[in-house]
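**Student:** Attaching a single structure in structure tokens format; questions to follow.
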Amino acid sequence: MILRDIAYVRTGDKGDTAQIAIFARSPERYELLVAVVTTERVLAHFGDIVCRTATRYELDNLHALNFVLEGALAGGVTRSLALDAHGKTLGAQLLDMPISEEA
Amino acid sequence: MTGRTIRIGAGAGFSADRIEPALDLLDRGALDYLAFECLAERTIGLAQAERQANPAQGYDPLLKARMTAALPIAARNGVRIISNMGAANPVAAAQETARIARDLGLSGYRTAAVTGDDVLDLVMSGDYPLLDREGVSRDLGGSVVSANAYLGVEGIVSALAGQASVVLTGRVCDPALFLAPLVHEFHWAPDDWTLLGQGTLVGHMLECAGQLTGGYFANPGFDDVPDLANLGFPFADVSADGAAVFGKLDGTGGCLTTATCKQQLLYEILDPGAYLQSDVVADFRAARIEEQGRDRVRLTGGAGRVRPETLKVSICYEDGYAGEGQISYGGPGAEARGQLALAVVRERLAQSGIAFSNLRLELIGVNAIDRRSARPEREPGEVRVRVAAQAGSQRDAERIGAEVEALYTNGPMGGGGVSRATRKVVAVASTLIDRRLVVPRIHWEVA
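For the record, the sequence lines run as chains A and B.
Everything in the first sequence is counted per my numbering, starting at -5 for the first residue and increasing by one.
Everything in the second sequence is counted per my numbering, starting at 34 for the first residue and increasing by one.
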């Protein structure tokens, strides 16, 4: 099982900060999300991302996790020369994270 | 829901957004208001540069097209329009809108421009600490082109009270475009933080237009969206207590579900308990999203706390030139030839003696956007070389595209499809200023 099987994502940006919201496909899957999609795993999935801070917010009422990666966008959309300067493709890149119910 | 409701439509989620869905909402949406959110963070810097070159310009490039198409329908149906398409020159935008109204025969049509967000002189005469980096505003010196404070609803509400049919602003908080008509219609107090927080939440949901109705959502086989090509834009029916029911017009494509609403609720939100706005610190943590029927979702539970004493200011400054070149390779060994091309360009740029910064050498299809530590191991059938860097002058920046183009006859076998470009870099820094120093003003144009 991969993350795409239990969740859907939307990615946004604010200046130099990438923001990735991950939503459980069902309330039951939210508990699994909370247990296995940790900040450490997200950072490990993105091998070469450097950020000043990484924060996970848990939205129990929305069955969602909100990841805020401060400093992840090489200066942000107005300064970065990256092809995807907004980092808008980052969330989708999380969707092949392996998910194990035993984790 | 009982009692009177106000219907607000979303006409654009960004400056280059599609116009047709907004016209459909105006035509058969039974709207009271339509708001167009069109002003990204650095757009105002580019607009300010335009205004310096021509004092009659500096507003949204699509304003004329949007207003020419929208005004006849809006006037016929009594829909009032609110937009930040004024960009760096709301007064000129209002004059252009009044001209269009006159040409359409809309005698007496009232357009208001909200100004006061331009704080360039203030910010450049002081040592305002920059956010997210070291230094103060004055350090940016002569490269600064604009500094604009994020206004709240106050100016827009005054304009609506003055019977404006169209309100055009420069920099305001995006949700304020939607919150303002609610404050105006329901006479919400400027310190009713709960209502302002819920109204901000409603505005936040609408400000990206099609992103609430199935845009930016489709993932075939997992999250399918019907008739995405004919995506309709959303509207909200809001009651005096701030409760909102979002909907879209029958016959339009897309979908409005709890899933699309949850996605938009968190979109570009950092701390969901502290969404900083000029009018309120909104709190979305207790938001409730309930499906009320096909393409109808009810939203309640937004809250808020006392507004900040400071306003955020975006400072746009010129930061040299960016140059870029691309070329494609295909067939067996495409990736190896792409890597060789990158190595060759890297060496030639180093030999040029030009000081480049932020140099990027990457292969589209391999590692240009992919940041995963574990990438699938399989040779791509095609790759596209991409070289980008920054230089102090346009001429130096052009060297990057030139070295990529030179790969045709001076690089690996089989390269094709060169593209190259240079552009001026307008970067954005932020600071905070005392809100008492920023006073919104209204300018009227009557057709």
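Backbone N, C-alpha and C fix where the C-beta goes; we use that ideal spot for every residue, glycine too.
What three-state label does DSSP hand E64(A) in the structure shown?
**Tutor:** Strand.
**Student:** So which residues on chain A does A355(B) lean against when the C-beta distance must stay under 8 Å?
**Tutor:** Residues of chain A passing the Cβ test: L75.
**Student:** Whole angstroms is fine: what's the gap from L394(B)'s alpha carbon to R370(B)'s?
**Tutor:** Between L394(B) and R370(B), the C-alpha separation is close to 14 Å.
**Student:** Check each residue of the region 22 to 34 of chain A: if its Cβ is closer than 7 Å to any Cβ of chain B, include it; give the result in chain order.
**Tutor:** Cβ contacts with chain B come from no residue of the region 22 to 34 of chain A.
**Student:** Output needed in chain order: residues of the region 297 to 310 of chain B with a Cβ under 9 Å from some Cβ in chain A.
**Tutor:** So the list reads Q297, L298, L299, Y300, E301, I302, L303, D304, P305, G306, given in the order they occur along the chain.
**Student:** Helix or strand or just coil, what does DSSP make of Q423(B)?
**Tutor:** The answer is strand: DSSP assigns Q423(B) an E or B state.
**Student:** Identify every run of the alpha helix (DSSP H) within the region 429 to 467 of chain B, keeping only runs that are complete inside it and at least 4 residues long; order them along the chain.
**Tutor:** Counting only runs of 4 or more, we get 440 to 443.
**Student:** Could you give the DSSP three-state label for Q297(B): helix, strand or coil?
**Tutor:** In this structure, Q297(B) counts as helix in the three-state DSSP scheme.
**Student:** Helix or strand or just coil, what does DSSP make of G36(B)?
**Tutor:** G36(B): coil per DSSP, three-state reduction.
**Student:** What residues in the region 36 to 49 of chain A have a beta carbon less than 7 Å from any beta carbon of chain B?
**Tutor:** So the list reads A38, H39, F40, G41, D42, I43, given in the order they occur along the chain.
**Student:** Per DSSP, what are the beta-bridge partners of E52(A) in this structure?
**Tutor:** Answer by DSSP bridge pairing, in chain order: L59(A).
**Student:** D165(B) and A462(B) - do their beta-carbons sit closer together than 9 Å?
**Tutor:** Closer than 9 Å, so yes.
**Student:** What does the Cβ neighbour count give for L470(B), buried or exposed, with the cut at 16 atoms within 10 Å?
**Tutor:** Under this definition L470(B) is an exposed residue.
**Student:** Got a sec? Which residues, its chain only, sit under 6 Å from G42(B) by beta carbon, not counting five neighbours each side?
**Tutor:** Cβ neighbours of G42(B) beyond the five flanking positions: L58, G62, L64, L67, F268.
**Student:** From the DSSP output, in three-state form, read off K82(A) for me.
**Tutor:** Here K82(A) sits in coil by DSSP.
**Student:** List the residues of chain B that L(-3)(A) touches, going by C-beta distances under 9 Å, in chain order.
**Tutor:** Per Cβ cutoff of 9 Å: no residues; L(-3)(A) is ~11 Å from chain B at best.
**Student:** For A97(A), count neighbouring Cβ atoms within 10 angstroms of its own Cβ and tell me buried if that reaches 16, exposed if not.
**Tutor:** Bear in mind that the predicted position of A97(A) carries a pLDDT of just 49, short of 50, making it unreliable; the figure below should be weighed with that in mind. So A97(A) ends up on the exposed side.
**Student:** What does a CB cutoff of less than 7 Å around G46(B) pick up in its chain, not counting 5 residues either side in sequence?
**Tutor:** Here the set comprises E70, E240, C241, A242, G243, Q244.
**Student:** DSSP state of G243(B), grouped into three classes?
**Tutor:** It is helical.
**Student:** With distance defined between alpha-carbon atoms, name the residue in A76(A), L37(A), E22(A), L75(A) nearest to I14(A).
**Tutor:** Of the listed residues, the one whose Cα sits closest to I14(A) is L37(A).
**Student:** What's the C-alpha gap between W226(B) and V472(B)?
**Tutor:** Distance between the alpha carbons of W226(B) and V472(B) is about 21 Å.
**Student:** Whose C-beta lies closer than 6 Å to the C-beta of S198(B) among residues of the same chain, with five residues either side of it excluded?
**Tutor:** The residues are R113, Y142, R143.
**Student:** Please report the distance separating the alpha-carbon of T333(B) from that of I189(B).
**Tutor:** Cα to Cα, the separation comes out at about 24 Å.
**Student:** Counting only Cβ pairs nearer than 9 Å, list the residues of chain B close to F17(A).
**Tutor:** Per Cβ cutoff of 9 Å: A292, K295, Q296, L299.
**Student:** Within 10 Å of its beta-carbon, does T72(A) have 16 or more other beta-carbons around it, so buried, or fewer, so exposed?
**Tutor:** Its Cβ being crowded by 16 or more others within 10 Å, T72(A) is buried.
**Student:** Alpha carbon to alpha carbon, what distance is there between C288(B) and S94(A)?
**Tutor:** Answer to the nearest angstrom: the Cα atoms are 31 Å apart.
**Student:** Determine the closest residue to D270(B) out of N400(B), K281(B), V399(B), with distance taken between C-alpha atoms.
**Tutor:** Of N400(B), K281(B), V399(B), the residue nearest in Cα terms is K281(B).
**Student:** So with Cβ pairs under 9 Å, would you call F255(B) a contact of chain A?
**Tutor:** Yes, because at least one Cβ of chain A sits closer than 9 Å to the Cβ of F255(B).
**Student:** Check whether the Cβ of S452(B) lies closer than 9 Å to any Cβ atom in chain A.
**Tutor:** No, S452(B) does not count as interfacial toward chain A.
**Student:** Roughly how many angstroms separate the alpha carbons of V31(A) and P413(B), rounded to a whole number?
**Tutor:** Taking the straight line joining both Cα atoms gives about 30 Å.
**Student:** Using a beta-carbon distance below 9 Å, is V459(B) in contact with chain A?
**Tutor:** It does: the Cβ of V459(B) has a partner Cβ on chain A nearer than 9 Å.
**Student:** Does any C-beta atom of chain A lie closer than 9 Å to the C-beta of C71(B)?
**Tutor:** It does not; no Cβ of chain A falls within 9 Å.
**Student:** Between the alpha carbons of M(-5)(A) and V399(B), how many angstroms are there, rounded?
**Tutor:** M(-5)(A) and V399(B): Cα-Cα distance of roughly 24 Å.
**Student:** Is I397(B) close to chain C? Criterion is C-beta to C-beta, closer than 9 Å.
**Tutor:** Note that chain C does not occur in the displayed structure, where the protein chains are A and B.
**Student:** Which residue spans inside the region 132 to 186 of chain B form an unbroken alpha helix (DSSP H) run of at least 4?
**Tutor:** Complete alpha helix (DSSP H) runs here, min 4: 153 to 157.
**Student:** Against R404(B), what residues of chain A qualify as contacts under a CB-to-CB distance less than 8 Å, listed in chain order?
**Tutor:** Those are F40, G41, D42, I43, L84, Q87, listed as they occur along chain A.
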